[in-house]
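To keep things clear, I will list the structure first and then write my remarks on it.
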Amino acid sequence: KNVVNFIQRMDQKGQIIILGSGTSQGIPVIGCDCKVCGSENPKDKRTRSSIHIKLNNKSLQIDTGPEFRVQMLRENLSEVDAVLFTHEHQDHIAGLDDVRPMIFRSGNAMQIYGQDRVLSRIRKAFHYAFEVQPYPGAPRIETNTIEEDIEMFEVEGIKVQPIPVLHGKLPILGYRIGSMAYITDVNHIDEKVISERLGGLELLIIDALHHKTHYSHYTLEQAMEMAENIGAKQTYFIHMSHYMGTHDETEEQLTENMHLTYDGLKLAFSYASSDK
1058 KNVVNFIQRM DQKGQIIILG SGTSQGIPVI GCDCKVCGSE NPKDKRTRSS IHIKLNNKSL
1118 QIDTGPEFRV QMLRENLSEV DAVLFTHEHQ DHIAGLDDVR PMIFRSGNAM QIYGQDRVLS
1178 RIRKAFHYAF EVQPYPGAPR IETNTIEEDI EMFEVEGIKV QPIPVLHGKL PILGYRIGSM
1238 AYITDVNHID EKVISERLGG LELLIIDALH HKTHYSHYTL EQAMEMAENI GAKQTYFIHM
1298 SHYMGTHDET EEQLTENMHL TYDGLKLAFS YASSDK
């Protein structure tokens, strides 16, 4: 009953833009001549994974990979109101410095959100943005810790629910906003998390590295099984390596409500400010 009410109360539409759909090396991989890396299909050009969310006249970014600047320019995007980080690996934080134009235009510090461990890593990597007396032209960034036991928090008036998952043995976060959940770099989701935080989804975006077993990522087959367990109306797979195969060939292997993401893909989801 609660899940049904959750869906019925949805009254606002948000948009997700897949800025990048690839794994840590990107595709094409430097020096690789495999079928995927040599493909002329734009859907096989996979930059490092991140998404951009437009909702309630706000722009939220989840992760800032090495190609963040190029991705924003490619999609003709110019605003970021806040950044949420899933974890501290370089392919998810390396582009943070490129939020500088947004900081300079607004005159406000960029608000970033993540686990304490993640924010500590970012403060070290981008130390110049946190100094008491920064050099002229340095970006100003302010950190907001997502506490381990928090069930919901707000970013720019938008309610966000953290989704605790494992990336190998590393505890990281996915995020749920309204009827959408984004979970990258994952190889385990606890059943309690599924039942308490992932019910009634319209849209699930979830990690699927390739077909070979990996110590910290779902394979495509494992991700499909998890998607069935979660039961979202539509599932899209992200963070794919060149071992996944070409976009078109892999799509043919998927069920009707499951798809591969690709760079530039736009997806809609529902949100209501009254949601818990």
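Quick note: to get the working numbering, add 1057 to the position in the sequence shown (first position is 1). We put the CB at the ideal spot given by N, CA and C, even for glycine.
Say yes only if the C-beta of residue i is nearer than 8 Å to one or more non-hydrogen atoms of the ligand NAP, and no if none qualify.
{"i": "residue 1129", "result": "With respect to the ligand NAP, the structure shown offers nothing to examine, as it has no ligands at all."}
Throw me the rounded Cβ distance for the residue i and residue j pair, which I believe falls under 8 Å.
{"i": "residue 1160", "j": "residue 1103", "result": "With 8 Å as the limit, residue 1160 and residue 1103 do not qualify as a contact, their Cβ atoms being about 28 Å apart."}
{"i": "residue 1260", "j": "residue 1326", "result": "5 Å"}
{"i": "residue 1217", "j": "residue 1240", "result": "About 13 Å separates the two Cβ atoms, so there is no contact after all."}
{"i": "residue 1155", "j": "residue 1202", "result": "The Cβ separation is near 23 Å, so there is no contact."}
{"i": "residue 1275", "j": "residue 1265", "result": "6 Å"}
{"i": "residue 1334", "j": "residue 1307", "result": "The displayed coordinates of the chain run from 1058 to 1333. Any statement about residue 1334 would go beyond what the structure contains."}
{"i": "residue 1098", "j": "residue 1304", "result": "6 Å"}
{"i": "residue 1246", "j": "residue 1301", "result": "The pair is not a contact, with the Cβ atoms about 20 Å apart (cut-off 8 Å)."}
Check the DSSP bridge columns for residue i and list the partner residues they point to.
{"i": "residue 1149", "result": "The partner list for residue 1149 (beta bridge, DSSP) is empty, contrary to what the question assumes."}
{"i": "residue 1077", "result": "1107"}
{"i": "residue 1261", "result": "1238, 1292"}
{"i": "residue 1227", "result": "1224"}
{"i": "residue 1211", "result": "1216"}
{"i": "residue 1245", "result": "1223"}
Check whether the Cβ atoms of residue i and residue j sit closer than 9 Å, and answer yes or no.
{"i": "residue 1171", "j": "residue 1200", "result": "yes"}
{"i": "residue 1148", "j": "residue 1080", "result": "yes"}
{"i": "residue 1152", "j": "residue 1125", "result": "yes"}
{"i": "residue 1117", "j": "residue 1140", "result": "yes"}
{"i": "residue 1111", "j": "residue 1072", "result": "yes"}
{"i": "residue 1146", "j": "residue 1129", "result": "no"}
{"i": "residue 1230", "j": "residue 1296", "result": "no"}
On the CB-based measure, 16 or more other CB atoms within 10 Å of its CB, does residue i come out buried or exposed?
{"i": "residue 1228", "result": "exposed"}
{"i": "residue 1162", "result": "exposed"}
{"i": "residue 1237", "result": "buried"}
{"i": "residue 1175", "result": "buried"}
{"i": "residue 1185", "result": "exposed"}
{"i": "residue 1135", "result": "exposed"}
{"i": "residue 1133", "result": "exposed"}
{"i": "residue 1252", "result": "exposed"}
{"i": "residue 1059", "result": "Confidence at residue 1059 is low in this model, with a pLDDT of 45, below 50, so its placement is unreliable and the value that follows should be read with caution. Counting Cβ neighbours within 10 Å, residue 1059 comes out exposed, since fewer than 16 surround it."}
{"i": "residue 1243", "result": "buried"}
{"i": "residue 1328", "result": "buried"}
{"i": "residue 1087", "result": "exposed"}
Can you check which of these residues, the options, is closest to residue i by C-alpha distance?
{"i": "residue 1034", "options": "1125, 1069, 1258", "result": "The structure shown has nothing for residue 1034, since the chain only spans 1058 to 1333."}
{"i": "residue 1287", "options": "1135, 1263, 1273", "result": "1263"}
{"i": "residue 1257", "options": "1109, 1250, 1289, 1226", "result": "1289"}
{"i": "residue 1294", "options": "1319, 1131, 1072, 1305", "result": "1319"}
{"i": "residue 1191", "options": "1166, 1123, 1312", "result": "1166"}
{"i": "residue 1400", "options": "1131, 1221, 1311", "result": "The shown model of the chain, from 1058 to 1333, leaves out residue 1400, and the question about it has no answer."}
{"i": "residue 1090", "options": "1324, 1299, 1314", "result": "1299"}
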